[in-house]
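Presented below is the structure to which this report refers.
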Amino acid sequence: MWFVVKKTVSALLMPPVLSILLALVGLWIARRYRRTGLSMAVLSLLSVLVLSWPPVSDALVRSLERYPPITPEQLARAQAIVVLGGGPDSLAPENGPDLLARGARERLRYAVALQRQTGLPLLATGGALGGARPEALAMKDVAERELRGRVRWTEVQALDTQGNAALSAPVLQAAGVQRIALVTHGWHMVRAAHLFRRQGLEVYPAPMGFVPPAGSRLQRLLPRASALVDSSLALHEWLGILVLRGARAF
Numbered sequence: 000m001w002f003v004v005k006k007t008v009s010a011l012l013m014p015p016v017l018s019i020l021l022a023l024v025g026l027w028i029a030r031r032y033r034r035t036g037l038s039m040a041v042l043s044l045l046s047v048l049v050l051s052w053p054p055v056s057d058a059l060v061r062s063l064e065r066y067p068p069i070t071p072e073q074l075a076r077a078q079a080i081v082v083l084g085g086g087p088d089s090l091a092p093e094n095g096p097d098l099l100a101r102g103a104r105e106r107l108r109y110a111v112a113l114q115r116q117t118g119l120p121l122l123a124t125g126g127a128l129g130g131a132r133p134e135a136l137a138m139k140d141v142a143e144r145e146l147r148g149r150v151r152w153t154e155v156q157a158l159d160t161q162g163n164a165a166l167s168a169p170v171l172q173a174a175g176v177q178r179i180a181l182v183t184h185g186w187h188m189v190r191a192a193h194l195f196r197r198q199g200l201e202v203y204p205a206p207m208g209f210v211p212p213a214g215s216r217l218q219r220l221l222p223r224a225s226a227l228v229d230s231s232l233a234l235h236e237w238l239g240i241l242v243l244r245g246a247r248a249f
């Protein structure tokens, strides 16, 4: 229940939902204070346009990409690789039970590539809601059948990054693992690495999925729905970081 409440509140605080709600509030206020209400509504809707502009979304995502790619020296010190789930892909039922979102597949592909370089054991972490198949099990199947990797451990209960860390750490520590290469997107790594370190693990960040170089000038000038998604992801991540700081845990 708490997870659902947290996700609901988070969604309400992120664009475009928050922008639309504020615009509606502005229109309601405009019935009595016309100039103030209309200004609020217009600015709220303009914020959606701004956040859909690639230079803005790229800047927001890059503000979170603080860790560089992992080095061979760091990989040599790691005892295991941990890859975080990225959510199911409910829009692709043709994939059968292996419903991994694009982001999850990208993380898994990179984790398996690191495993091929090092021979390190791999842990996949990710649960599911409503009795659905845990994401970690789908990751294991994809890794072993499609990518020719091998997943040694699966953590199947976690529903968020904090759960990924709290539930994976005992599995790793029981196997004598204290130093991990942590695989997730660059924009997600700041919070993820902190949460795993808080569990007593030594973390070598292995970020992936960095913002690509700028495309053509026309592509940079035109707003895009994908840019709005990226802006929302970045703002959601910053919200998570601020919550940790507010709890004096960061």
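FYI, numbering that gives the first Met the number 0 numbers position 196 of the sequence shown as 195, with every residue one higher than the one before it. Idealized CB from N, CA, C, for every residue including glycine. If you're wondering where the values come from, they're calculated on a predicted model, not measured in any experiment.
Residue 238 and residue 108 have their C-alpha atoms roughly 28 Å apart. If you look at residue 109, you'll find it isn't in any beta strand (DSSP E); it sits in the alpha helix (DSSP H) that goes 101 to 117. Runs of alpha helix (DSSP H) with 4 or more residues, each lying fully within the region 160 to 240, are found at 160 to 173, 185 to 196 and 216 to 220, listed in chain order.
Residue environment analysis places residue 111 among the buried positions, since at least 16 neighbouring C-beta atoms fall within 10 angstroms of its C-beta. Classified as buried, residue 114 has 16 or more neighbouring CB atoms from the shown chains inside 10 Å of its CB. Following the DSSP letters along the chain, one finds residue 152 inside the beta strand (DSSP E) bounded by residues 152 to 154. Its chain contains 69, 73, 74, 76, 77, 178, 179, 180 and 181 as the residues whose beta carbon lies nearer than 8 Å to that of residue 203, once the 5 sequence neighbours on both sides are disregarded; these appear in chain order. A straight line joining the alpha-carbon of residue 81 with that of residue 137 spans about 15 Å. At the C-beta level, residue 219 and residue 54 come within 8 Å of one another. Going by C-alpha positions, residue 164 is about 6 Å away from residue 194.
Counted as a single uninterrupted DSSP element, the alpha helix (DSSP H) harbouring residue 58 occupies residues 53 to 61. Between the region 37 to 45 and the region 13 to 27, the count of Cβ pairs shorter than 8 Å is three or higher; the stretches touch.
Taken atom to atom, the span from the alpha-carbon of residue 46 to that of residue 152 is near 43 Å. The beta carbon of residue 209 lies closer than 7 Å to those of 64 and 185 in the same chain, with the five residues before and after it left out. Less than 8 Å separates the beta-carbon of residue 171 from that of residue 122. For residue 223, the closest alpha carbon among the candidates 52, 3 and 173 is that of 52. Look at residue 35 here: in three-state DSSP terms it is helix. The beta carbon of residue 235 lies closer than 8 Å to those of 9 and 13 in the same chain, with the five residues before and after it left out.
The DSSP-derived three-state label of residue 19 is helix. The beta-carbon distance between residue 85 and residue 103, rounded to whole angstroms, is 3 Å. This is short enough to meet the 8 Å contact definition. By the neighbour-count criterion, in which a residue is buried when 16 or more other Cβ atoms sit within 10 angstroms of its Cβ, residue 199 is exposed. Of the other Cβ atoms in all chains shown, 16 or more fall within 10 Å of the Cβ of residue 205; this residue is therefore buried. When DSSP states are grouped into helix, strand and coil, residue 157 belongs to the coil group. With a threshold of 16 other beta carbon atoms within 10 Å, residue 7 falls short and is exposed. Assignment of beta-bridge partners to residue 80 by DSSP yields 121 and 180.
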